[in-house]
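What follows is one structure encoded as structure tokens, with my remarks underneath.
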């Protein structure tokens, strides 16, 4: 082992385990016992071996074996791209190299299907025929290369699987420009971003790369590696990295370096791995490089002349992950990213990587935290272990006194480790700088809270680092700005606090600094002037009173400017400013009311101010009262009422009650004020019986009521006739002060009126009785006497009456067609119907009482009258309820009630009256039957009596229904 290797720490991160036979788990697997391979390629779940005799051997991950003959005579090299295998060999004696392409997923005749066979020698020319010894194929199948024993090199661009390659690019001509060395390896890298292909060529003495664009070589790079043998190089298409194991060093080349050969001269990274030993095989996998070396046996008497050493290097971590001596090794190869070791006796072993936790435990015990970080970063499962590693690393450095590097490790734990764990370690005054570094990163990553911001700014203030504070403000870090401002204000860094407030739009805090800390009232007022209207209103409400005290003129000018401008500002919110300053308040409110005359709140404020001034006046002026009342609007009257009541302003109280139509409360107010005149005026104005009753009750309860006032009240009640005199007398009788003499004239007038009414009613009764006698005589005449129709002209058209004609008992006659034109009902006389409608005192016809308006009229009259019984009797006297009751069968138990027989009609049943209409056939009846006129019978269902009010439609549409 070289001195360089001795500088790298050595671990055992892999375990060597024997592979057991899947068919017999107790026995070791020996399926490769007689395998002699000259080359190998690792695929997805399998490994292919090429034997010098021309056979291809396939081993799957389940240890299943399969082989076929690719070339009949010899095989030199193989290349694998997905499921396509390229082989180079010979099928017959002589120099006649063939390149065959095999499709592994297509099996025919117990062997993969051979898609294409390419003869290599004719591609170089007729005069030359070197042996093909190397082949390379890109996974996209778009790039193909063949190397020869004289260092000649051919390249083809295109899918060799789908089309026969006919155009080849001679990259190296072994005769003209080649070194003459046999090519030991080829590798193809495709750089999509540059649209370039990099072709690596290895010989035993050199390593070169050719950059090919558009089927032409555009650059040639000679690398610093001194060549390698056939199995001592490895290339990965995923990373485009070539690893070459030369005799002295192991070189690492990136494909991008070939495009920048003029910069680094083709140099790559290198490490002296296995420098003192002969390199046999090199495999690069994952983040490791597996190197098999050979050295003379340390025991000369041993049967083994050579001792093989297998080492696995973690190049990025600069450590040896595994190393062991193997007495007899045939070959190492890769199967599913696992290193397999084939011994000379045919046994197979595989190296299993330990779990990351086991690796970390080993590194933790040795305090190798830097290596642990690298191991975790390169492992797919290592991210969850990184916080723990950084924490342990930071604790280790902190205990060692390396505080500066310790905080760097703690910074890496932000987001997983509780910040308080770190902060409490650096609270010592000597570690403020490191604490600042940690807290700054905490803020940059957005993980800081208010306490962290407080600590950081306290550190800055203790250090006096104004530049740090300025940087903190400019960076606009994610933090609790309010807390930062408080800390800066507490440390008297008001300038920085103001700038921080301005950067983050903290108007409240900024104004507080200007006013409370720095007493810069003019600056604060100027700052408020530049705000939007809603913000101006907010901050004037908060700071306006103080600004008005310190800068009265400037503040008032600004307020006037805001009120008179088009800015929408609610002046009522600014009234706090004027507490104890009535002069400025009055000036401001009047201007505000001029700008917004519909603002009821401003009106209330002005009203209150005016009432305060009114309360201090010695005399009461009607004109001044009128101006104050004019301030009471039509909205929000409750507030105005409260203000007027607070100052006992009677005109305002009366105005509000009147506008709200709260007359009950208004009359109560007048009663409390003993304002008889106002009470009487209100009652006369509204004419409400309830108000008059309240006035009478008040008069009855008043101890010293003026007799003239009482007489005036009784006269007004008598004139309006809104309260029955008995009700008035009942109320006044409860008074302890009034006597009969006070109401004597009122009682006499009422009794006189009643006597006059009785006399009038008696005359009406006599007239009604006479009329009823006359009507009864007419009814008797119609029922029992012969009716003679003598009309010779039609009552409608006033022409000679011709048949067919219709005669009515009312002595009107009509042509049949005239009756149809003038009347909707065949049994109603049109002339009499119109007369009844026009002559009635109240219209009880269908058109009136069938609507809801008639019912409403009746109820309104009932509510307005003081004598309900008289009104109902009046309606009954006009026959309103007769038609309603006649339309419904009576359910009464009165034995004298005739529910089915109208008093004006005769029954349909056979009667014994000798004068019954149905048994007397008069000449007139006989004549009417001959002329086609419908005979009129007393027993018909529909009466044509002009005095009969039992109209069918009228009865069915009685607007008063069953509600009475």
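In full-length UniProt numbering, the protein residues as written are 1 to 964. Every residue gets a Cβ at the ideal spot worked out from N, C-alpha and C, and that includes glycine.
Rounded straight-line distance, which links the Cα of residue j to that of residue i
| i | j | result |
| --- | --- | --- |
| residue 172 | residue 273 | 31 Å |
| residue 396 | residue 429 | 21 Å |
| residue 334 | residue 150 | 30 Å |
| residue 491 | residue 509 | 15 Å |
| residue 871 | residue 862 | 7 Å |
| residue 749 | residue 859 | 30 Å |
| residue 106 | residue 286 | 30 Å |
| residue 794 | residue 768 | 34 Å |
| residue 14 | residue 321 | 7 Å |
| residue 832 | residue 757 | 33 Å |
| residue 583 | residue 590 | 11 Å |
| residue 327 | residue 75 | 29 Å |
| residue 247 | residue 416 | 47 Å |
| residue 534 | residue 519 | 24 Å |
| residue 275 | residue 93 | 40 Å |
| residue 197 | residue 155 | 10 Å |
| residue 935 | residue 805 | For residue 935, the pLDDT reaches just 35, beneath the cut-off of 50, and the residue's location in the model is therefore unreliable, although a value from the coordinates is still provided. Taking the straight line from one Cα to the other gives about 11 Å. |
| residue 256 | residue 384 | 33 Å |
| residue 622 | residue 651 | 10 Å |
| residue 399 | residue 499 | 41 Å |
| residue 370 | residue 461 | 35 Å |
| residue 104 | residue 22 | 24 Å |
| residue 562 | residue 504 | 26 Å |
| residue 540 | residue 637 | 29 Å |
| residue 374 | residue 352 | 20 Å |
| residue 538 | residue 488 | 25 Å |
| residue 324 | residue 43 | 27 Å |
| residue 407 | residue 484 | 23 Å |
| residue 943 | residue 780 | In this predicted model, residue 943 has a pLDDT of only 39, less than 50, meaning its place in the structure is not dependable enough to derive any value. |
| residue 292 | residue 313 | 11 Å |
| residue 70 | residue 132 | 15 Å |
Cross-strand partners of residue i (DSSP beta bridge)
| i | result |
| --- | --- |
| residue 79 | 86 |
| residue 723 | BP columns for residue 723 are empty, so no partner. |
| residue 805 | 815 |
| residue 278 | 294 |
| residue 13 | Partner(s): none; residue 13 has no beta bridge. |
N-terminal and C-terminal residue of the alpha helix (DSSP H) that residue i is part of
| i | result |
| --- | --- |
| residue 224 | No alpha helix (DSSP H) holds residue 224; DSSP gives it neither H nor E. |
| residue 967 | Because the chain is modelled from 1 through 964, residue 967 falls outside the range shown and cannot be assessed. |
| residue 54 | From DSSP, residue 54 is part of no alpha helix (DSSP H); its letter is neither H nor E. |
| residue 407 | 403–411 |
| residue 258 | From DSSP, residue 258 is part of no alpha helix (DSSP H); its letter is neither H nor E. |
| residue 452 | 450–463 |
Residue of the options minimising C-alpha distance to residue i
| i | options | result |
| --- | --- | --- |
| residue 144 | 175, 192, 461 and 188 | 188 |
| residue 985 | 315, 234 and 267 | Residue numbering for the chain in the displayed model covers 1 to 964; residue 985 lies beyond these limits and cannot be assessed. |
| residue 200 | 125, 466 and 134 | 134 |
| residue 270 | 226, 230, 56 and 296 | 226 |
| residue 63 | 875, 411 and 30 | 30 |
| residue 163 | 142, 421, 780 and 692 | 142 |
| residue 798 | 812, 532, 787 and 788 | 812 |
| residue 867 | 875, 724 and 807 | 724 |
| residue 146 | 209, 102 and 77 | 77 |
| residue 91 | 124, 54 and 65 | 54 |
| residue 480 | 456, 460 and 470 | 456 |
| residue 692 | 728, 662, 565 and 376 | 728 |
| residue 240 | 224, 258 and 230 | 258 |
| residue 120 | 111, 166 and 56 | 166 |
| residue 712 | 683, 183 and 34 | 683 |
Residue range of the unbroken beta strand (DSSP E) whose run includes residue i
| i | result |
| --- | --- |
| residue 290 | 288–296 |
| residue 319 | 319–326 |
| residue 118 | 111–119 |
| residue 206 | Per DSSP, residue 206 belongs to no beta strand (DSSP E) and is neither H nor E. |
| residue 350 | 348–353 |
| residue 41 | 39–42 |
Identify every run of the alpha helix (DSSP H) within the region 502–540, keeping only runs that are complete inside it and at least 4 residues long; order them along the chain.
-> You should have 507–512 and 521–529.
At what residue ranges does the region 123–182 contain a whole run of the beta strand (DSSP E), taking only runs of 3 or more?
-> List check, beta strand (DSSP E) in window: 132–137, 143–148, 153–157 and 169–172.
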